[in-house]
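Asks: First the structure, then my questions, so here it is.
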Amino acid sequence: MISRYGLALDQAIDSMAGSYLKTVRYKSVHGYLCPECGGFKGAGYWMCRGCSLIHGSASAIGAGHLLADRLAFGVYAPEPRSQSLKMMYGYKDEHPASPDYRTLVRAILALGIVGHGDCLNAVAGGSPVAWAMVPSTRQSPRYGKPHPFHEIATSVMGGLPEVEITASEGEKRRFDPERFHIESAPDLNGNVLLLDDSWVTGANAQSVAACLKTAGAEQVSIYCVARIVNYNYLESLSPDAVALFQKNVHYAGGFCPWNRTSEATDG
Numbered sequence: 001m002i003s004r005y006g007l008a009l010d011q012a013i014d015s016m017a018g019s020y021l022k023t024v025r026y027k028s029v030h031g032y033l034c035p036e037c038g039g040f041k042g043a044g045y046w047m048c049r050g051c052s053l054i055h056g057s058a059s060a061i062g063a064g065h066l067l068a069d070r071l072a073f074g075v076y077a078p079e080p081r082s083q084s085l086k087m088m089y090g091y092k093d094e095h096p097a098s099p100d101y102r103t104l105v106r107a108i109l110a111l112g113i114v115g116h117g118d119c120l121n122a123v124a125g126g127s128p129v130a131w132a133m134v135p136s137t138r139q140s141p142r143y144g145k146p147h148p149f150h151e152i153a154t155s156v157m158g159g160l161p162e163v164e165i166t167a168s169e170g171e172k173r174r175f176d177p178e179r180f181h182i183e184s185a186p187d188l189n190g191n192v193l194l195l196d197d198s199w200v201t202g203a204n205a206q207s208v209a210a211c212l213k214t215a216g217a218e219q220v221s222i223y224c225v226a227r228i229v230n231y232n233y234l235e236s237l238s239p240d241a242v243a244l245f246q247k248n249v250h251y252a253g254g255f256c257p258w259n260r261t262s263e264a265t266d267g
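In C-alpha cells form, the structure reads like this:
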C-alpha cells in the first residue's frame with residue numbers, strides 16, 4: 001500500500017504536471033499496450049517488438065533466467081514533442097529550462113521507490129539489498145561524465161549500497177549480458193533495484209539485469225521513470241489510436257507500479 005509520504009508525492013506531482021503526465025499502463029481495450037513494458041504494439045502481438053526481441057535473444061543463448069524479475073514504470077514520454085518528453089530531455093541540461101524538470105523526475109522516482117516501497121518489498125519478499133543505475137553506453141555523449149540522474153537517484157536511495165556498473169563496447173539497444181561490467185558491488189544476496197531514467201527498447205536495462213544476476217543477484221527489479229513511446233507508430237496501427245490513447249490515459253493518482261493496480265488514496 002502507498003505510504004503517507006507517497007500520497008504527498010502523488011498529490012504534488014498531480015498538482016505540478018498532472019495536466020500532461022500519463023501514468024504507464026499495461027493493457028487497453030484495443031490491445032495496443034505491451035503487458036511487459038507498457039509500450040505500443042500491434043493488437044495481434046503479445047508483446048511489443050522491443051520486449052519480443054529481448055526475450056527471443058535471451059532464450060537463444062539460454063539466458064532467459066537472467067532477465068529482470070519485475071519491471072515498473074512511472075510515466076509516458078511520447079515522441080514527438082510531448083511536454084513529458086521535453087521534461088525527460090530537459091532535466092539533463094546543465095541549466096534546465098524549467099526547475100520543475102528535475103523536481104518532477106526526482107518525485108516520480110521517489111514515488112515509485114519510496115512511496116510504494118512496501119509494495120515492492122511485498123512482491124520481492126524483502127527489502128532491496130542494493131541498487132544500481134543503468135550506465136551511459138560508449139555511444140552516448142554522456143559516457144564517462146557525471147549524470148544528473150545518478151545524483152537524483154543517490155538522493156532518493158539514501159544509504160542503500162550502490163553497485164557500480166560500466167559499459168563496454170557493444171551494439172546499442174541489443175540484449176547482451178557481456179556489454180556491461182560490475183566495477184564494485186556489495187553483497188548481492190537478495191533483490192537488487194536497477195534504476196533508469198527512460199526505457200526505449202529495454203535492451204540496456206535487461207542487459208544490466210543479466211549482468212547483475214550473473215554476478216550473484218538473486219532478484220533484479222527494474223524501475224524506469226519514463227517509458228518513451230512513439231505516437232507516429234501508434235497512428236500507423238490505427239488512425240484513431242492516438243486520439244483514444246490521449247483521451248483514456250491520464251495521470252492516475254494511487255496507481256502502484258509494482259502491483260500494477262490502483263490503490264486507495266484516502267489514507
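For the sequence shown, counting from 1, position 37 maps to 37 in the UniProt record's numbering; every step adds exactly one.
Note that beta-carbon positions come from the ideal geometry of N, C-alpha and C, so glycine has one too.
In this text the structure is predicted, and so the values were computed from the model without any measurement.
Helix, strand or coil for L85, going by three-state DSSP, please let me know.
Replies: In the structure shown, L85 sits in a helix (DSSP, three-state: H, G or I).
Asks: Keeping to the same chain, check which residues put their C-beta closer than 7 Å to that of L9; ignore five residues upstream and five downstream.
Replies: Around L9: A107, A110, L111, G115.
Asks: My output table needs one value for R70: the three-state DSSP class, helix, strand or coil.
Replies: Of the three classes helix, strand and coil, the one that applies to R70 here is strand, per DSSP.
Asks: Could you tell me the distance, in whole angstroms, from the CA atom of M47 to the CA atom of L53?
Replies: Computed Cα separation, rounded: 10 Å.
Asks: Just list the alpha helix (DSSP H) runs in the segment 95-167, keeping only unbroken ones of 4 residues or longer that don't cross its boundaries, in chain order.
Replies: Within the segment 95-167, the complete alpha helix (DSSP H) runs of at least 4 residues are 100-110, 117-124, 148-157.
Asks: With distances taken from CA atoms, which of Y89, S184, N230, F255 is nearest E79?
Replies: Considering only alpha carbons, the answer is N230.
Asks: Run through DSSP, which three-state label would D232 get?
Replies: Note that residue 232 is Asn in the sequence shown, not Asp. In the structure shown, N232 sits in a helix (DSSP, three-state: H, G or I).
Asks: Do you know whose CA, among A122, Y26, S207, lies nearest A68's CA?
Replies: It is S207 whose Cα lies nearest to the Cα of A68.
Asks: What do you reckon, is the C-beta of K86 under 7 Å from a heavy atom of the ligand NAP?
Replies: The model depicted lacks the ligand NAP and carries no ligand whatsoever.
Asks: Starting from I13, trace the beta strand (DSSP E) in both directions and tell me its first and last residue.
Replies: Note, I13: premise wrong, no beta strand (DSSP E); alpha helix (DSSP H) at 4-17.
Asks: So what's S207 in DSSP terms, helix, strand or just coil?
Replies: S207: helix per DSSP, three-state reduction.
Asks: Are there 16 or more other CB atoms within 10 angstroms of the CB of R227, so buried, or fewer, so exposed?
Replies: Buried is the call here.
Asks: Could you check if I13 is buried or exposed, using at least 16 other CB atoms within 10 Å of its CB as the buried criterion?
Replies: Burial call: buried.
Asks: What are the boundary residues of the beta strand (DSSP E) that N191 is part of?
Replies: Residues 191-199.
Asks: Give the straight-line distance between the Cα atoms of L237 and G42, rounded to the nearest whole angstrom.
Replies: Cα to Cα, L237 sits roughly 6 Å from G42.
Asks: Identify which residue in C211, V220, G158 has its Cα closest to the Cα of A167.
Replies: Looking at the Cα atoms, C211 is the closest of the given residues.
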